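The numbering of the sequence shown is our numbering, which starts it at 147 and goes up by one. This report refers to the structure that appears directly beneath it.
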Amino acid sequence: GLGHATRCIPLIYTLQALGCEVLTASDGASRTLLVEEFPLLTHLSSPHTPIRYSSSKWLFGWAMLKLMPRFWLQIKREQKWIQSIASNYHIDAIVSDNRYGLAHPTIPSVIITHQLGIRTGYGRYTDRKMQQLIYRFINRFQQVWVPDVQEEPSLAGALSHPRTMPKVPVQYLGILNRLSKSLPTPAAADKKVLVLLSGPEPQRTLLEKIIRTEAASFSGQLILVRGLPAHRTEKATTIPTATNTAIFDHLNTNDLQALLPSVEYIICRSGYTTLMEMIPLHKKLILIPTPGQPEQIYLASHADSQHYAPQFLQEHFSLSEALAAAAHYPYRFPTHFTAGPDATMLGKWVEQIKVTRKSSH
Numbered sequence: 147g148l149g150h151a152t153r154c155i156p157l158i159y160t161l162q163a164l165g166c167e168v169l170t171a172s173d174g175a176s177r178t179l180l181v182e183e184f185p186l187l188t189h190l191s192s193p194h195t196p197i198r199y200s201s202s203k204w205l206f207g208w209a210m211l212k213l214m215p216r217f218w219l220q221i222k223r224e225q226k227w228i229q230s231i232a233s234n235y236h237i238d239a240i241v242s243d244n245r246y247g248l249a250h251p252t253i254p255s256v257i258i259t260h261q262l263g264i265r266t267g268y269g270r271y272t273d274r275k276m277q278q279l280i281y282r283f284i285n286r287f288q289q290v291w292v293p294d295v296q297e298e299p300s301l302a303g304a305l306s307h308p309r310t311m312p313k314v315p316v317q318y319l320g321i322l323n324r325l326s327k328s329l330p331t332p333a334a335a336d337k338k339v340l341v342l343l344s345g346p347e348p349q350r351t352l353l354e355k356i357i358r359t360e361a362a363s364f365s366g367q368l369i370l371v372r373g374l375p376a377h378r379t380e381k382a383t384t385i386p387t388a389t390n391t392a393i394f395d396h397l398n399t400n401d402l403q404a405l406l407p408s409v410e411y412i413i414c415r416s417g418y419t420t421l422m423e424m425i426p427l428h429k430k431l432i433l434i435p436t437p438g439q440p441e442q443i444y445l446a447s448h449a450d451s452q453h454y455a456p457q458f459l460q461e462h463f464s465l466s467e468a469l470a471a472a473a474h475y476p477y478r479f480p481t482h483f484t485a486g487p488d489a490t491m492l493g494k495w496v497e498q499i500k501v502t503r504k505s506s507h
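Below you can see the structure in the form of structure tokens.
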């Protein structure tokens, strides 16, 4: 997904700074994002299995079960693909973000994931069985890199700090954030509301329709970023009935960075990458977890319990009511969220790769 590509941006910059030649492999909107961010890199197209989720939160879990054969097929396709790519491009190491089929039997392979403690929405027994299945694939990698802090309270809570860990070594990368922390406080005259849409269809579109409807009667300044980089809108469009609302299909890193100082509240999904980027910047979030998606529901609940951000249900969402509640919410911004990736840890890993490469030659 787009969030996985986004959180790889600071990792790629750090690896480049350590002298690595980086190739990316992705598909769809993720590939569009990475090509835009790194136009000079080699960008490969990885195997892609189109997935569309249910529009009903009650059927989300059942839809996920029906998609399991597709996930299995995707992993098999990735395993075959990585064998060919590793040989053709003389790959020295592989870093896979949540793609379980990209472990190579003879090349150092790392998987990035914050999803070690699985939440299925079907109870602890099902969670444990799903974790065991996922760990079968994770244990084929040499290491696990977790994009979170090791100490508690963490950002992902039990997702990144489960009771049972994989058999392979687990290291914590810190919070992966492509945005600078040097953001001034919005002036009183600014105080715009930014809406960042993301996540799977059709829920992304359903939330966009709600926001557009709410925007028609909103008197403040609203900026809507649709989360569709493939559309590549160069200029903002406006909603005819709400001239104070600007809409962008997508904003790159620099454009988003330039916009943030004028924003007071950000309405967004409780996707993990969004939380990683915005909470360390001390931005006031209003979270709307994707209906029926257990991970986002857990992350929103965890963020609310730590007073990082309040959460609201999509089906009852009111822009005015959410902003009124946020105005009195006791936001607490953590100071121990170290910015990742951990360059020292990555430096040691790169040196190990060099040693392995020399010994193989």
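Glycine included, each C-beta is placed from N, C-alpha and C at the ideal position. As the structure is a prediction and not an experimental result, all values here were calculated from the model.
| task | Let me know the secondary structure DSSP gives I425 once reduced to three states. | result | Along the sequence shown, one-based indexing puts residue 425 at 279. Note: I425 maps to coil in three-state DSSP.
| said: Would M422 and N323 be called neighbours here (beta carbons separated by less than 8 angstroms)? | reply: By one-based count along the sequence shown, residue 422 stands at place 276. By one-based count along the sequence shown, residue 323 stands at place 177. Yes, the pair counts as a contact, with Cβ atoms nearer than the cut-off.
| query | Between I443 and the rest of its own chain, which residues show a CB-CB distance below 7 angstroms, the 5 nearest in sequence each way excluded? | reply | On the sequence shown, residue 443 is found 297 positions in, with the first residue counted as 1. Closer than 7 angstroms at Cβ, skipping near neighbours: P435.
| field | Endpoints, alpha helix (DSSP H) assigned at A376 | value | Walking along the sequence shown from the start, residue 376 turns up at place 230. Unbroken run through A376: none, as it is neither H nor E.
| message | Taking the beta strand (DSSP E) that K338 belongs to, which residues open and close that run? | response | Your numbering for residue 338 matches position 192 in the sequence shown. Counting along the chain, the beta strand (DSSP E) containing K338 begins and ends at 338 to 342.
| Cα-Cα separation, H307 to M276 | The residue labelled residue 307 in the question sits at position 161 within the sequence shown. The residue labelled residue 276 in the question sits at position 130 within the sequence shown. Rounded to whole angstroms, H307 to M276 spans 16 angstroms at the Cα level.
| request: Could you tell me whether the stretch 242 to 260 touches the stretch 216 to 224, using the rule of 3 or more Cβ pairs below 8 angstroms? | output: With the cut-off at 8 angstroms, the stretch 242 to 260 and the stretch 216 to 224 touch.
| request: Compare the Cα-Cα distances from A489 to each of G147, C166, L148 and report the closest residue. | output: For this step, residue 489 is matched to residue 343 along the sequence shown. Of G147, C166, L148, the smallest CA-CA separation from A489 is found for C166.
| task | Sort out for me which residues DSSP pairs I240 with in a bridge. | result | Position 94 of the sequence shown, counting from 1, holds the residue named residue 240. Looking at the DSSP output, I240 bridges to S255.
| task | Starting from the Cα of P476, find the closest Cα among A449, L459, V256 and give me that residue. | result | Residue mapping note: residue 476 aligns to position 330 of the sequence shown, counting from 1. Nearest option by C-alpha distance: A449.
| message | Let me check one thing: in DSSP terms, what residues is Q289 bridge-paired to? | response | Position 143 of the sequence shown holds residue 289. Here Q289 is bridged, per DSSP, to V256.
| task | Answer yes or no: do M311 and L262 have a C-beta to C-beta separation smaller than 8 angstroms? | result | Within the sequence shown, numbered from 1, the residue matching residue 311 stands at position 165. Within the sequence shown, numbered from 1, the residue matching residue 262 stands at position 116. Against a cut-off of 8 angstroms, the Cβ pair of L262 and M311 comes out as a contact.
| query | Between P456 and A473, which are expected to be in contact by the criterion C-beta below 8 angstroms, what is the C-beta distance as a whole number of angstroms? | reply | As a working note, residue 456 is residue 310 in the sequence shown. As a working note, residue 473 is residue 327 in the sequence shown. A Cβ-Cβ separation of about 11 angstroms leaves P456 out of contact with A473 under the 8 angstroms criterion.
| request: Using alpha carbons as the reference points, say which of L148, L431, I158, H194 lies closest to K338. | output: Counting from 1 along the sequence shown, the entry for residue 338 is found at position 192. Residue nearest to K338 within the set L148, L431, I158, H194 is L431 (criterion: CA-CA distance).
| field | Cβ shell of G345 (< 7 angstroms), same chain only, five flanking positions each side left out | value | Start at 1 with the first residue of the sequence shown, and residue 345 comes out as number 199. Correct list, in chain order: R415, G417, T436.
| query | Short check: CB of G486 to CB of L319, under 8 angstroms? | reply | The count along the sequence shown starts at 1 and reaches residue 486 at position 340. The count along the sequence shown starts at 1 and reaches residue 319 at position 173. At the C-beta level, G486 and L319 come within 8 angstroms of one another.
| query | So what's S172 in DSSP terms, helix, strand or just coil? | reply | Working through the sequence shown from its first residue, we reach residue 172 at position 26. The answer is strand: DSSP assigns S172 an E or B state.
| query | DSSP on L431, reduced to helix/strand/coil? | reply | Within the sequence shown, residue 431 is the residue found at index 285, counting from 1. The answer is strand: DSSP assigns L431 an E or B state.
| query | In this structure, does DSSP put A485 in helix, strand or coil? | reply | Position 339 of the sequence shown, counted from the start, is the residue given in the question as residue 485. The three-state reading of DSSP puts A485 in strand, counting E and B together.
| said: Based on DSSP bridge pairs, tell me the residues matched to T188. | reply: In the sequence shown, residue 188 corresponds to position 42, counting from 1. Note: T188 sits in a beta bridge opposite L169.
| query | What first and last residue would you give for the alpha helix (DSSP H) that runs through L397? | reply | What you label residue 397 is simply residue 251 of the sequence shown in a count that begins at 1. Where L397 is concerned, there is no enclosing alpha helix (DSSP H), given that its DSSP letter is neither H nor E.
| query | Does DSSP put L465 in a helix, in a strand, or in coil? | reply | Position 319 of the sequence shown, counting from 1, holds the residue named residue 465. L465: helix per DSSP, three-state reduction.
| What is the DSSP secondary structure of Y475, counted as helix, strand or coil? | Against the sequence shown, residue 475 aligns to sequence position 329. Reduced to three states, the DSSP call for Y475 is coil.
| message | Classify E360: buried if its beta carbon has 16 or more other beta carbons within 10 angstroms, exposed otherwise. | response | By one-based count along the sequence shown, residue 360 stands at place 214. E360 comes out buried.
| Euclidean distance between Cα positions of T387 and V168 | Here residue 387 corresponds to residue number 241 of the sequence shown, with the count starting at 1. Here residue 168 corresponds to residue number 22 of the sequence shown, with the count starting at 1. No answer about T387 holds up, because its pLDDT of 48 lies below 50 and its placement is not dependable.
| request: Buried or exposed for A404, please, with buried defined as at least 16 other CB atoms from any protein chain shown within 10 angstroms of its CB. | output: The count along the sequence shown starts at 1 and reaches residue 404 at position 258. Exposed, since its Cβ has fewer than 16 Cβ neighbours within 10 Å.
| request: Buried or exposed for G513, please, with buried defined as at least 16 other CB atoms from any protein chain shown within 10 angstroms of its CB. | output: One cannot answer for residue 513 here, as it falls past the ends of the chain, which runs 147 to 507.
| Quick one, which of I280, V341, S363, S255 has its alpha-carbon nearest T266's? | Stepping through the sequence shown from its first residue, residue 266 is reached at position 120. Looking from the CA of T266, the closest CA among I280, V341, S363, S255 belongs to I280.
| query | Are L180 and H194 closer than 8 angstroms when you measure CB to CB? | reply | Counting from 1 along the sequence shown, the entry for residue 180 is found at position 34. Counting from 1 along the sequence shown, the entry for residue 194 is found at position 48. Going by C-beta atoms, L180 is not nearer than 8 angstroms to H194.
| For the putative contact between V256 and Q288, defined by C-beta atoms under 8 angstroms, what is the C-beta separation to the nearest angstrom? | The sequence position of residue 256 within the sequence shown is 110, counting from 1. The sequence position of residue 288 within the sequence shown is 142, counting from 1. Contact holds; Cβ gap of about 6 angstroms.
| task | Go to I264, then tell me how far its beta strand (DSSP E) extends in each direction, as first and last residue. | result | Locating residue 264 in the sequence shown gives position 118, where the first residue counts as 1. Note, I264: premise wrong, no beta strand (DSSP E); not H, not E.
| Which partner residues of V409 appear in the DSSP bridge assignment? | Stepping through the sequence shown from its first residue, residue 409 is reached at position 263. According to DSSP, V409 bridges with K338.
| field | Same chain, Cβ closer than 6 angstroms to A175, neighbours up to 5 away in sequence not counted | value | In the sequence shown, residue 175 corresponds to position 29, counting from 1. If the five residues before and after A175 are omitted, its C-beta is found closer than 6 angstroms to the C-beta atoms of L148, P375, A376, all from its own chain and listed in chain order.
| Beta bridge counterpart(s) of I369 as assigned by DSSP | Stepping through the sequence shown from its first residue, residue 369 is reached at position 223. DSSP output for I369 lists L340, A392 as bridge partner(s).
| said: For F283, tell me which candidate among T259, L402, G303 has the shortest Cα-Cα distance. | reply: Counted from its first residue, the sequence shown places residue 283 at position 137. Ranking T259, L402, G303 by Cα distance to F283 puts T259 first.
| field | CB contact check: G149 to chain D, cutoff 8 angstroms | value | Absent here is chain D; the protein component of the structure consists of one chain.
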